[in-house]
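Each residue of the sequence shown is one higher than the one before, counting from 1 in this note's numbering.
In this text, a Cβ means the ideal position worked out from N, Cα and C, and glycines have one as well.
This structure is a prediction, so every number in the text was calculated from the model and none was measured.
Read through the structure below, which is laid out as structure tokens, and then see the notes.
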Amino acid sequence: MPTILTHAVVPLAIAVAAGPARIPPRLAVAGAVLAMLPDADVIGFGFGVDYADTWGHRGATHAIALAVLVTGALAMVWREARKPLAFAFLAFAMASHGLLDSLTDGGLGIALWWPFDNARLFAPVTPIRVSPIGAGFFSTRGLETLWSEMRWVWLPCLALALTGLALRRRVRT
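The following block contains the structure:
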């Protein structure tokens, strides 16, 4: 998996590119939180949930359907999330977690299509180094993971954000 903060980078870059008129700061922060939320499934390890179980790490919590369901639940209590653009942004933010994880080079794969299919999948290309969990992160492998994330996630997201900023400035002038 990419590191937890890397998951937040995707919706934040989209928010910067789109601008605060389309994605206000509170919505951007909510998107960042939703993008990180699927990794809360690691709590299951402490309760005996096996990695390969439906609710194990990278299982149902990483599914596109759950991202839409969680966004729908959020829309029931937060009026801002009911707007079509906000709903799409939030659902994509959470779904992006599983999509990014599918680009990693380790683990059992991602249950992207749960509940329709429990198969754990990877993307056809897996350029992102999988992040070690726990103290293993503070190692050579952890540094390799950070470099991989910078190259495959952070830099493209920075390019997206800067392009969006430039285009919005150009339209104003």
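Secondary structure of residue i, DSSP reduced to three states
i      : result
Thr140 : helix
Ile43  : helix
Leu103 : coil
Leu108 : coil
Ile14  : helix
Ile128 : strand
8 Å Cβ shell around residue i - same chain, five flanking residues per side excluded
i      : result
Thr6   : Leu100, Glu149, Val153, Trp154
Thr54  : Ala60, Ala111, Trp114, Asn118
Arg168 : Gly19
Asp105 : Thr126, Pro127, Ile128, Arg129, Val130
Of the listed residues the options, nearest to residue i (C-alpha basis)
i      : options                       : result
Met36  : Ala67, Val49, Arg79, Pro115   : Ala67
Phe116 : Arg170, Ile64, Tyr51, Arg169  : Ile64
Phe89  : Arg26, Ala166, Leu165         : Arg26
Val10  : Phe138, Arg170, Ala123, Ala95 : Ala95
Val33  : His97, Pro156, Cys157, Leu143 : His97
Ile43  : Leu165, Gly142, Ala75, Ile133 : Ile133
Ala21  : Cys157, Glu144, Glu80         : Glu80
Residue environment, residue i, which counts as buried when at least 16 other CB atoms sit within 10 Å
i      : result
His71  : In the sequence on display, residue 71 carries Thr and not His. Burial call: buried.
Gly56  : buried
Ser131 : buried
Thr73  : In the sequence as presented, Thr is not what sits at residue 73; that position holds Ala. So Ala73 ends up on the exposed side.
Ile23  : buried
Ala40  : exposed
Thr140 : exposed
Own chain residues within Cβ distance below 7 Å of residue i, not counting five before or after
i      : result
Leu121 : Ser102, Gly109, Ile110, Leu112
Gly31  : Pro11, Ala15, Phe89, Leu90, Ala93
Ala28  : Pro11, Leu12, Ala15
Assumed close pair residue i, residue j - CB separation to whole angstroms, cut-off 8 Å
i      : j      : result
Thr163 : Ala17  : 7 Å
Arg58  : Gly107 : 6 Å
Cutoff 6 Å; reference residue i; Cβ partners in own chain excluding five residues on either side
i      : result
Leu160 : Ala13, Ala17
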